[in-house]
Structure formats: structure tokens, C-alpha cells
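Numbering (the numbering used here), first residue to last: 2 to 719. In what follows, a single structure is set out as C-alpha cells and then discussed.
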């Protein structure tokens, strides 16, 4: 018997059974090893097993009522099967609405649909029912092909080819009526066009859903199965009804509110349960503890032994160890990476087993309770509340080729010459820095008003200078490492030292255009040098004690008086500042005064009666920090001295999309071409002779800059 198949140019000859002594052959339709009856091309060893060879070129599938599916030799563009979620590279049944199925997935699902979910006796490779307790490691990520929920949550059937079906999904009706869409029936369909579920408002990408195609309404299988009325042990007075949450009440089990979707509630008692919380699993095994936890429904207040916070309903208990915890704490990881500490932190229920010298949380000002679980590093005497540690769970951690300890030792400069200071101290007297084209020489000549090109602050200590151009670097800025991990940045991968980019630092909100910065190679954002070098436990010349970063702190900033929600705090006294005040320069040059202005932390009696700003001529709060020149006896608000453009360097050459010529940063009192008002602050002026274009930075959006041309054209830096 011969067959002329559309997928091959030669006729195919029928083979009753593949000879096992011959070379193995694979079906060109499904890619599987040919074992039974098949068709073969004698000339080029092209094989199709009998099922693929006789598959119709077009089928009407009960789970896809809108269109027919056409058989194609290869997938048209998208290469994932909508049934098994595996790759496509052979024959595929395709619909113009972007539904794609392996040939055997299409035929298997069609057979199931036509015979009914409950009649699976003659489905090929069907295996016996497997108990959930007998699962293997390979099945942990598997899902039921119908409801697309985690396979191992329920007993299941193995249909072969990596396709599984929950036993509870065997008896699914193909058509239902639901109170959320009473106009039409909902038909069980492939989820080829993902829509948000009318009940939970979430979008399921695979599996099956109940759908009304004309109205584009979808309902997840698990949501459709929910009873509309339940009796619950947490509320025995009245039944609970499934309805949309009208009052956004907190769930009585997890204590969280839900913005949208249905909940179980008692309108009489104002009692609410989330759908997921109404039927939690009776036993949960998590990695945080060696034994499984058993659900305890009694509505009693308790303190969670994992995190130390309170709960008042539906706890989980380990009876062997007498531990009671929240349900969501069971999934807490036993070991976490914490960006503010170099070592991983381990969770412990018994802090007393370690000889900890302190019980103060490193992330907040509160003391940890040794009677409950915490995260700690016993080697470093470092302890953090469980909740505080998990505040950083949204951070992304990356494996590093170099150890963290070695990262900051990678210098950004090469040493050309060294000098001795005394008998034991050797210092680099000449260097070649990666952010400047010429060699830099060490100097202590701070005469004149020199500004560091690394941090844009005035120079008064040892610095490196260029003999060929006006380029200066604080010694400390030159020693900034080539790559650095920033404890406060969500991408925990080393940032790269760079310069001469226009950016607004998201940490301090100041603008920069020529200074050093650290660039994240993942999100392409920049952090200014001053913010990048602040640790989470910095010292500060305005206070005698070391400060500690607390992510949760309520109080007032000692620098400006603003209300704080996170701060750098002194553990020994009531002193707290936010990042913007902490990174204020202790000395800065300002056009208003010929001398450097000094940051002053308290009002001196000598001039306390003159508490006004000499720049804006408004009154000052004597309890807030200010800048002062003792020589001229002038004082000014911090915000009048350090503005958002104070670190922008004048000059340079830039391009902007809205203007054809090169522009430079300047301060000049000229009429702005946009607002027609005098430019009293930083502005951009055209460099071309005869063109009088000038514009306020306030009058343009930074998006108008063409960032491919934003590098300064008068300096060859990276």
C-alpha cells in the first residue's frame, strides 16, 4: 500500500511493523521513535507513523469551536504548543487565531473531547491513578493540562507524553451556566486568547477555561468550581456567600485586603475570607522547618514563631516542636541573601543557640525577640527581624565571578609612580585613571577654588591633578573602585564606574553631567558617586556616633525637619537624617560668596538673632542645618545653596533633538526661547556663531536629549 502525503514529494510505502534489527527511525510528523505501523519513503528514509500519516488535513475541534484547525508541516511563527506547553518543530495543527497544537496533542485532546473527560479507558499510554503522596522530584513543576494548576495538589492521571490530568478534572462538564454571566452558557475551550477571569481578575496563559466567545468572557476552571455558599469553622454563626467585596474589609485569616475579585463574606457580621484562605491545605511542608505543619482552625490570637508578629485565626502547628506560625511563613526560605550583609542569613527558631552580642535588628530600631524566629549571621553577630529581611525579597541577586570581598579592591587607576611618606607609608604619586586621558599627579596645593571632577565638590585635601588640562580628583574619589555592588540597588550585580553622562540620581534627586557615576548594566540607571559611596552604617562629621540605616523609622530629620519613614539613625541618641541631608557637602562654593560656605549644624549665639537667609532673604528655622561663611558672617538655607542643578558643570558640547546645533551649559541672563523669561538658572546656549538660541533647563524635558550624542565632545572619556 502506498500513500502520497502532502508533506513529502515521494510516495510512502506502508510498513506493518518496524524491524528492530534495522536502524532506529523517527517520525517526521511528531518526532517520536517509530515502533508500530508506519509509512516510509524508500528513496530518502522519510518516516511517518500511521497516526500522523492518516491524520486529516483539517479538523473541527470541540475545544475550539470558532474555527477549524489545519495541519501544517511546521509551525508558522509561534513555536509553543497550546496544549502541552512544549516546543513545536514538526507537524502542527494551526488556527488563524494563533492556536497551535502538536499533531498528537490535537488528536488526543479531540478524542478526549468527543468521548468525554470521564471516558478515558482507551486513551493511549493511560496509567493508573497515582496518589499525591507518591510524587517524584520531576513532577514538582508539572501542571494539569485542564485547569493548569499545580499537578501535585491533587491525585492525577498520567496520559503519557508528559501530559497529566487531575482526577478531579476528569468529570468536568463541557458546558456550564454561571451567575457571573447569566446571558449565555460558558463552553470549555482552549485558552487560545487569554482573558482575565471574571471572578479572580487574573489571566491564565495556558490550559482550558470556560468561555463565552461572543461576549469575550472567561472563567477559570478552579473559579467556576467554587461553591456560592459555604459554612466555615472560622465563622459558625452564619453561612458565607460568594460575592464581590463591597467594603474592602481585611480577610480574617491573612489580614490583607483585596482590591478586586470575589470573596466569601457575611454581610451581617462584616466578616470576610479570601477565596484562597477559605480552604487552605490541611498539611504544608516547607523548607523553613524539618517537619510538616498542620492547619489549626481555632480562632485564637497567637504570636508567629517564625516572624514574631501576631495572628488571630487559622494558624499552622508543628506538634512535635510546639511551633505555631502563619500559613504564609511556611514558605519563607531557610537561607536568604541580604544586600546589606556580605554573608547569607539563616533563619532560626532558636536564636539562643548562638552567642549573639546584640539583639537589635540591623534593619530597624527595634529589638528582636529571641523567643521567636529571626534571620541571622552567627559568624558576624548580625541579626534581622524575619519581616525586615523579607523587605528585600524583590531584589534580584546574581552570581558573581569574583568574591564580594575582592570586588572593592579592583582599582580604577594604574599606578605610574609611588612616593614614600615616612618609613612605612607608600602612596601613589602619579596615576592613570580610566576616566581621564592623561596621567594625574598627586598634589596638596589647595590654593584657589578647585572643584573635583569626580564628585563636583570643592577641594581642600590631597588630590590628583592633570598638568595638561583643568582636571582634578579628590584622592578619595580617585580611589573609588572600578566596580561596586550597591546595597540599596535592587539589582545586586556590580555597577560600573563611568563619567560624563547626563542623569538624575534617583537616590538624592540631583542632576549631573560630568561627574563620576556608577552605572547598572542591567537597568542602565546611574547613581552619583556620593550616594554610591554611602554605606548602610556610615560615619558623619555632623554627629559623634556611627549611624545605621533603618528602612522603617518614624520621626523628624535633624537636618531639615522633614518627616521620616526611613532614615540613618544613631542607636545611642535621638539623631536621624535622611539620605539627602546625609550627603550634603560639608563645604561648597557658591556664587553668592567669595569664600567656601560651611555646613553648620546648630545656631551660634553670636548671630542667632539674625536667623534669615542672605540669599533668598527669608527667615530660617534656627533648629535646621544651614550654610555659613564666618568671614563674611552670611548664612543661607541648605536648599538655596545646594540646588538640583548645583552639580552640573558649565561648558561642554551637547546636542538636543529640537535644535540643529551644538549646545553648551551656561548661566547667562538672556531671554529663554521657550518661556521668553530671563534665564536666571542653568540653561543651554547654542555654540554656533550668529545663533542666539538659549533655553532654560526647566523649559525642556530631558527626554528631548538625544542620548546617543550626550557624551561631551571636548573630553575623550567613557
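We treat Cβ as the ideally placed atom computed from N, Cα and C, and that holds for glycine.
What does DSSP give as the partner residue(s) for residue 74 in the beta ladder? The partner list for residue 74 (beta bridge, DSSP) is empty, contrary to what the question assumes.
Is the distance from the Cβ of residue 54 to the Cβ of residue 95 below 8 Å? no
Rounded to whole angstroms, what's the CA-CA distance from residue 537 to residue 567? Just pull it up for me. 12 Å
Where residue 430 sits in the DSSP three-state scheme: strand
Can you round the beta-carbon distance between residue 548 and residue 558 to whole angstroms, since I take them to be within the 8 Å contact cut? Actually they are not in contact, since the Cβ atoms of residue 548 and residue 558 sit about 12 Å apart, beyond 8 Å.
Please confirm whether residue 30 and residue 50 have their CB atoms less than 8 Å apart. yes
If we call anything under 8 Å between Cβ atoms a contact, is residue 670 one with residue 641? no
Span of the alpha helix (DSSP H), counted from its first residue to its last, around residue 387: 387-390
Helix, strand or coil: which one does DSSP assign to residue 205? coil
Straight-line CA distance for residue 471 to residue 593? 23 Å
When the distance is taken between beta carbons, is residue 337 closer than 8 Å to residue 413? no
Determine the direct distance from the alpha carbon of residue 553 to that of residue 347, and round the result to whole angstroms. 22 Å
Beta-carbon within less than 7 Å of residue 331's beta-carbon, same chain only, minus the 5 sequence neighbours each way: which residues are those? 285, 287, 289, 294, 317
Could you tell me the distance, in whole angstroms, from the CA atom of residue 60 to the CA atom of residue 144? 26 Å
Is the separation between the beta-carbon of residue 518 and that of residue 494 shorter than 8 Å? no
Should residue 406 go down as buried or exposed, given a rule of 16 or more other Cβ atoms within 10 Å for buried? With a pLDDT of 45 at residue 406, under the threshold of 50, the modelled position of this residue cannot be trusted, and the question is left open.
First and last residue of the uninterrupted alpha helix (DSSP H) at residue 476: 476-479
Please identify the residue among 157, 47, 363, 477 whose C-alpha is closest to the C-alpha of residue 534. 477
Any contact of the stretch 185-205 with the stretch 254-274, i.e. 3+ C-beta pairs under 8 Å? yes
Using DSSP with H/G/I as helix, E/B as strand and the rest coil, what is residue 287? coil
For residue 658, count neighbouring C-beta atoms within 10 Å of its own C-beta (all shown protein chains included) and say buried if the count is 16 or more, exposed if not. exposed
Nearest-angstrom Cβ-Cβ length linking residue 16 and residue 36, presumed shorter than 8 Å: With a Cβ gap of about 11 Å, residue 16 and residue 36 do not count as contacting.
Using three-state DSSP, classify residue 642 as helix, strand or coil. helix
Same chain, Cβ closer than 6 Å to residue 550, five either side skipped, listed in chain order: 537, 569
Apart from the five residues just before and just after residue 695, which ones in its own chain have a Cβ nearer than 8 Å to its Cβ? 667, 669, 671, 672, 673, 674, 680, 684, 685, 686, 687
Counting C-beta neighbours from all protein chains within 10 Å, is the total for residue 744 16 or more, i.e. buried, or is it exposed? Examination of residue 744 is not possible in this model, given that the chain is present from 2 through 719 alone.
Quick one: what's got a C-beta closer than 6 Å to residue 345's C-beta in the same chain, skipping five residues either side? 336, 338
8 Å contact criterion, which residue 528 and residue 505 should meet: CB distance rounded: Contact flag wrong, Cβ pair sits at about 11 Å.
Would you check if the distance between the CB atom of residue 254 and the CB atom of residue 241 is smaller than 8 Å? no
Host alpha helix (DSSP H) of residue 276 (start-end): 276-279
Could you name each continuous alpha helix (DSSP H) segment of 4 residues or more that falls completely within the stretch 39-93, going from the start of the chain to the end? 51-54
Let me check one thing: in DSSP terms, what residues is residue 356 bridge-paired to? None; residue 356 has no bridge partner.
Could you have a look at residue 404 and say whether DSSP puts it in helix, strand or coil? In this predicted model, residue 404 has a pLDDT of only 42, less than 50, meaning its place in the structure is not dependable; the value taken from the coordinates is given anyway. Of the three classes helix, strand and coil, the one that applies to residue 404 here is coil, per DSSP.
Between the stretch 448-459 and the stretch 421-433, can you find at least three pairs of beta-carbon atoms closer than 8 Å? no
Residues in its own chain within less than 6 Å of residue 543 by CB, not counting five upstream and five downstream? 602
Among 437, 644, 179, 411, which residue has its Cα nearest to the Cα of residue 480? 411
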